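With this note's numbering, the residue at position 17 of the sequence shown is 1173, and numbering never jumps.
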Amino acid sequence: FGEFLIDDFQIDFESEPHQIGWQLGFQWHRPAGIAGSFVGFDWTRIEPGVYGQKLPYNRYLNHRVGIGSTLGPDGERYGGFWRQHLSQRWDVTAFAAYRRSGERTIETPQTGGEPNDPFPTGVVETTTRLEALIEYQTDAHLRAALRGGYAWRDNAGHVPGLTKNGGWIAGDITIYLWHSGSF
């Protein structure tokens, strides 16, 4: 699969950098003939000037949150997963992701004729994340999930040398309230 984003593309190729982004990836069912398994990989890159505006009221926001990719501008992410259906009710998934984020955000005002800064810009924050998910679904009405992982962040908050590492665990139970047929 793929997606190509054009926020602004310069026909003269010189006046300012292109403001583009893309996502490329694949998902594969039954890799190496393993029944009930799925693998996938994706790569997302969004140039620094994407989603930007010089006037605050023109910024691409919805309820003060940037629209488009959750990655935001000036970032790149590589991610992959492996999911295995263990039985009709049990699934296990492992995720891995690596992310680089520059200092520019949707809130960074653009002045027009943006400089062609190296990508990503400024002090680059990097995050490596590993995560596991176990899901149990009794029937079509009840699903329980347990998720945990660990993340390593370097240059956290774009502060040179600041490292923030940590793990998490979370669980949820989802009840689907629906009925087919008549009461």
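Glycine included, each C-beta is placed from N, C-alpha and C at the ideal position.
The structure displayed is predicted, hence computed values, not measured ones.
- Query: Taking Cβ positions, are residue 1161 and residue 1178 nearer each other than 8 Å?
  - Reply: Numbered from 1 along the sequence shown, position 5 holds the residue referred to as residue 1161. Numbered from 1 along the sequence shown, position 22 holds the residue referred to as residue 1178. Against a cut-off of 8 Å, the Cβ pair of residue 1178 and residue 1161 comes out as a contact.
- Do the region 1283-1297 and the region 1245-1256 make contact, defined as three or more Cβ pairs closer than 8 Å? A contact exists between the region 1283-1297 and the region 1245-1256.
- Query: Which residues does DSSP pair with residue 1336 in a beta bridge?
  - Reply: As a first step, residue 1336 must be located in the sequence shown, where it is residue number 180. Per DSSP, none; premise fails for residue 1336.
- Can you give me the Cβ contacts of residue 1229 inside the same chain, cut-off strictly under 6 Å, excluding the 5 residues immediately before and after it? For the purposes of this step, residue 1229 is identified with residue 73 of the sequence shown, where counting begins at 1. Here the set comprises 1202, 1204, 1206, 1207, 1260.
- Task: Compute the Euclidean distance between the alpha carbons of residue 1308 and residue 1282, then round it to the nearest angstrom.
- Result: The count along the sequence shown starts at 1 and reaches residue 1308 at position 152. The count along the sequence shown starts at 1 and reaches residue 1282 at position 126. Taking the straight line from one Cα to the other gives about 8 Å.
- Over the uninterrupted beta strand (DSSP E) stretch that includes residue 1400, give me the two end residues. What is shown of the chain runs 1157 to 1339, which leaves residue 1400 out entirely.
- Item | For residue 1313, three-class secondary structure by DSSP | Looking up residue 1313 in the sequence shown gives position 157. The answer is helix: DSSP assigns residue 1313 an H, G or I state.
- Query: Do residue 1262 and residue 1222 have their C-beta atoms within less than 8 Å of each other?
  - Reply: As a first step, residue 1262 must be located in the sequence shown, where it is residue number 106. As a first step, residue 1222 must be located in the sequence shown, where it is residue number 66. Going by C-beta atoms, residue 1262 is nearer than 8 Å to residue 1222.
- Query: Does the region 1233-1240 touch the region 1210-1222, meaning 3 or more C-beta pairs lie closer than 8 Å?
  - Reply: Result no; under three Cβ-Cβ pairs closer than 8 Å.
- Going by beta carbon distance, what residues of the same chain come within less than 6 Å of residue 1180, once the five residues before and after it are set aside? Locating residue 1180 in the sequence shown gives position 24, counting from the first residue. Cβ neighbours of residue 1180 beyond the five flanking positions: 1158, 1199.
- Query: Any idea if residue 1311 is buried or exposed, counting beta-carbon neighbours within 10 angstroms, 16 or more meaning buried?
  - Reply: Stepping through the sequence shown from its first residue, residue 1311 is reached at position 155. Taking a 10 Å sphere around the C-beta of residue 1311, we find 16 or more other C-beta atoms and assign the residue as buried.
- Task: Run the CB neighbour count on residue 1336, radius 10 Å, all protein chains shown included, and call it buried at 16 or more, exposed below.
- Result: Here residue 1336 is taken as the residue at index 180 of the sequence shown, counted from 1. Here residue 1336 is exposed, its C-beta having fewer than 16 other C-beta atoms within 10 Å.
- What number of angstroms, rounded off, separates the C-alpha of residue 1278 from the C-alpha of residue 1244? As a working mapping, residue 1278 is identified with position 122 in the sequence shown. As a working mapping, residue 1244 is identified with position 88 in the sequence shown. Going by the C-alpha atoms only, they are around 49 Å apart.
- Task: Kindly indicate which three-state DSSP category residue 1326 falls into: helix, strand or coil?
- Result: Locating residue 1326 in the sequence shown gives position 170, counting from the first residue. Residue state, collapsed to three classes: strand.
- Item | Pick from 1274, 1219, 1195, 1291 that is closest to residue 1235, judged by C-alpha positions | For the purposes of this step, residue 1235 is taken as the residue at position 79 of the sequence shown. Ranked by Cα distance from residue 1235, the options 1274, 1219, 1195, 1291 are led by 1195.
- Item | Cβ-based burial, residue 1330 [other Cβ within 10 Å; buried from 16] | Taking the sequence shown and counting its residues from 1, the one referred to as residue 1330 is at position 174. Residue environment: residue 1330 is assigned as exposed (fewer than 16 neighbouring CB atoms within 10 Å of its CB, all protein chains considered).
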